[in-house]
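Protein sequence lines, in the order shown, are assigned to chains A and B. According to numbering that gives the first Met the number 0, the first sequence is numbered sequentially starting from 0. According to numbering that gives the first Met the number 0, the second sequence is numbered sequentially starting from 0. The beta carbon of each residue, even a glycine, is placed where N, CA and C say it ideally should be.
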Amino acid sequence: MSSLLASLRTPRGLLTAVLLLALAILPLLTQAFDQRYLLSIGTRIVIWAIAAISLNMILGYGGLVSFGHAMFFGIGGYAVGILAHHGMASGWIQWPAGIAAAALWAALIGALSLRTRGLYFIMITLAFAQLVYYLGAGLEAYGGDDGLTISRSRFAGLLDLRDKASFYWLCFALLCATLWFCSRFAHSRFGLVIRGAKSNDLRMTALGFPVFRYRLAAFILSGAFGGLAGILLANEGAYISPAMMSWVKSGDLIVIVVLGGMGTLFGPLYGAIAFFALEESLPPLLDLGRRGWGEYWQIAFGPMLVLVALYARGGIDSLFGRRHD
Amino acid sequence: MTEPLLSTDRLIKRFGGLLATDAVSIDVRPGEIHALIGPNGAGKTTLVSQLTGNLRPDSGTIHFAGRDVTHLPAHARVRLGLARSFQITAVLREFTALDNVALAVQAHAGHSFRFLADARRDESLRRPARQGLAAVGLAARADMAAAALSHGEQRQLEIAMALAGDPCLLLLDEPMAGMGAEESQRMIGFLRALRGKRAMLLIEHDMDAVFQLADRITVLVYGRAIASGTPEEIRANPDVRQAYLGDDFTSAKNS
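Quick look at the structure:
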């Protein structure tokens, strides 16, 4: 706690504190300014930030470029949707089932794909994600390509997820929990093994670490948090579809992590905010130039990413000065 | 004679048509320094990789500390007390010197499936790590990033990491490579002080160092062990002189 207070004195700490505070009271702000739409963007930012943090556990800290992370969106989401479709509305059943399914799937594909390196790892994770995608599209009973409108998870007497503000706060609380876990994870024995293996896995093996086992465990953890994000995403829109796990979404998650700062605690959150802020603001800005340009906002977004890749290797996080860990 | 700590029996490794390890049988006794020498491409590193478990031999067996480890994975051999340093310096560059050694300590302190407690505040890891750093003379560099250390210091750091698990056998792949004369001498002194406490299999090109340190020497040429014996025997061996050392070697040594 004292170190938390001490970190408030740095520009980075202060900024992060203000940001978290703003996120914490977002429903009050959007209500005060009567901007309902902003709350829905805020909810999506928070959910995507959870997914990006979970990807960052293996991508940023572990150096494993998984190009299929959106599959965990799908698995968490479909677990909720399928159970809801069969009348199993309780979140107490749906949510653990969704997280367990994501973790189990991560264990299965991790055990196979973690035997490969570099480009092969990227391709094999993409392949598994496509597999899940087409599986979802093939589930005609659950809407196939078109997806399925679902009813939100029920937490009887505790929470009504249909209430936008309550749902947002639940997501925000889970974001804080994820951030807390990640902050502990990064400096734990486990985290140091994962980060050491990123730096030099041969060295870690020569020190006596069974690197594969630790990476698999990290992959499972990452998948479980990714599944949680999928559960939230399904509840946010009361809708599931294969589109939530398309490879484009997996790419967006990588972009968010890289944009925000790989291997940093708050980087994925900064990245998610920046990503959605640009996605929302670039089209109308470009439309000011000429009507219809807004549709091509990614023409402006692309070069920004190139600039980050070239000149701000640490992402947004590095703009706040060097970290010391 | 004491039971050897490490022994290989007719180890064979092929890469396509190349016989990189040709029926090599060597042994290392407890506490001795056994040097492995040979010209470039003789298969020294290939042999070491099989001993560590990074490469699988095509046939033959490896015994270590009284058991057959031929099919044991690399990390499990380390647990049995077999540590190595690399030919090309392999420290964790982004981590501090102290972190590097603390991780080496951690590797031997039970499993690392601990997700919440801060490992950098764990005195059961940090204290032995600080002692290990001090032992190789790097105490003052503890908080520097490993990448910022000089080449010689990184090699010392490697030794500290290898020693952290209290191994009974050290495989040292050219520990003096790229070092200046003064650094080399310091490393030689350090390794000599370890003699008798830990067995070492030393691969080294610097013949001065080899003859200063080794109790026994095995000469590897084209994957084959052509001679094995005390430094005096090796120096006098005509095959070795022809194949590797060169005729001017013995005269230079004796002058």
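For a cut-off of 8 Å, the C-beta gap from residue 266 of chain A to residue 73 of chain A is around 24 Å, too long to register as a contact.
With a threshold of 9 Å between beta carbons, residue 53 of chain B makes contact with chain A. DSSP lists B:95 as the beta-bridge partner residues of residue 144 of chain B. By alpha-carbon distance to residue 119 of chain B, the top candidate from B:176, B:221, B:167 and B:99 is B:99. Contiguous beta strand (DSSP E) elements confined to the segment 189 to 220 of chain A do not occur, taking only those with 3 or more residues.
Following the DSSP letters along the chain, one finds residue 19 of chain B inside the beta strand (DSSP E) bounded by residues 17 to 23. Of all residues in the segment 174 to 206 of chain A, only 183, 184, 186, 187, 188, 189, 191, 192, 195, 198, 199, 201, 202, 204, 205 and 206 come within less than 7 Å of chain B when Cβ atoms are compared, listed by chain position. Pairing residue 82 of chain A with residue 108 of chain A, the inter-Cα distance amounts to about 23 Å.
The straight-line gap separating the alpha-carbon atoms of residue 275 of chain A and residue 87 of chain A is approximately 33 Å.
Listed along chain A are 188, 191 and 192, each with a C-beta nearer than 8 Å to that of residue 105 of chain B. Interface flag for residue 169 of chain B against chain A is unset, since no Cβ pair is found closer than 9 Å. For the pair residue 64 of chain B and residue 84 of chain B, the Cα-to-Cα distance works out to about 19 Å. Below the 8 Å Cβ cutoff, chain B contributes no neighbours of residue 71 of chain A, its closest Cβ being approximately 19 Å away. Residue burial annotation: residue 273 of chain A is buried, with at least 16 other C-beta atoms found within 10 angstroms of its C-beta. For residue 224 of chain A, there are no C-beta contacts with chain B under 8 Å, since the nearest C-beta of that chain is about 13 Å from it. Using a Cβ distance threshold of 9 Å, residue 247 of chain A and residue 270 of chain A do not count as a contacting pair. For the 9 Å CB-CB criterion, residue 175 of chain B and residue 208 of chain B form a contact.
Taking the beta carbon of residue 74 of chain B as reference, the chain A residues within 7 Å of it are 204, 207, 208 and 209, listed in sequence order.
Here residue 238 of chain A is bridged, per DSSP, to A:148. Here the C-alpha atom of residue 227 of chain B lies approximately 29 Å from the C-alpha atom of residue 164 of chain B. Bridge pairing for residue 61 of chain B: B:7 [DSSP]. Take residue 58 of chain B, set aside five residues on each side of it, and the residues of its chain with a beta-carbon closer than 8 Å to its own are 9, 10 and 11, in chain order.
By the Cβ criterion, the segment 58 to 74 of chain A is in contact with the segment 189 to 206 of chain A, since at least three pairs of Cβ atoms, one from each stretch, lie closer than 8 Å.
The beta carbon of residue 200 of chain B does not come within 9 Å of any beta carbon belonging to chain A, so the residue lies off that interface. Counting other Cβ atoms within 10 Å of its Cβ, residue 27 of chain B reaches 16 or more and is therefore classed as buried.
Burial check for residue 231 of chain B: the Cβ neighbour count within 10 Å stays below 16, so the residue is exposed. Nearest to residue 29 of chain A by C-alpha distance, out of A:164, A:132 and A:20, is A:164.
The C-alpha of residue 200 of chain B is placed about 11 Å away from the C-alpha of residue 29 of chain B.
Note on residue 48 of chain B: 16 or more other CB atoms within 10 angstroms of its CB, so buried under the neighbour-count rule. Scanning its chain for C-beta atoms nearer than 7 Å, with the 5 sequence neighbours on each side dropped, one finds around residue 159 of chain B the residues 100, 131, 132, 134, 135 and 137, in chain order. In this structure, the straight-line span from the alpha carbon of residue 44 of chain B to that of residue 53 of chain B is close to 11 Å. Burial of residue 191 of chain A is indicated by the presence of at least 16 other C-beta atoms within 10 angstroms of its C-beta. With respect to chain A, the C-beta atom of residue 111 of chain B has a partner C-beta closer than 9 Å.
Straight through space, the alpha carbons of residue 35 of chain A and residue 25 of chain A are spaced by roughly 10 Å. Your pair residue 173 of chain B and residue 204 of chain B checks out as a contact, with CB atoms roughly 6 Å apart and the cut at 8 Å. Straight through space, the alpha carbons of residue 81 of chain B and residue 13 of chain A are spaced by roughly 48 Å.
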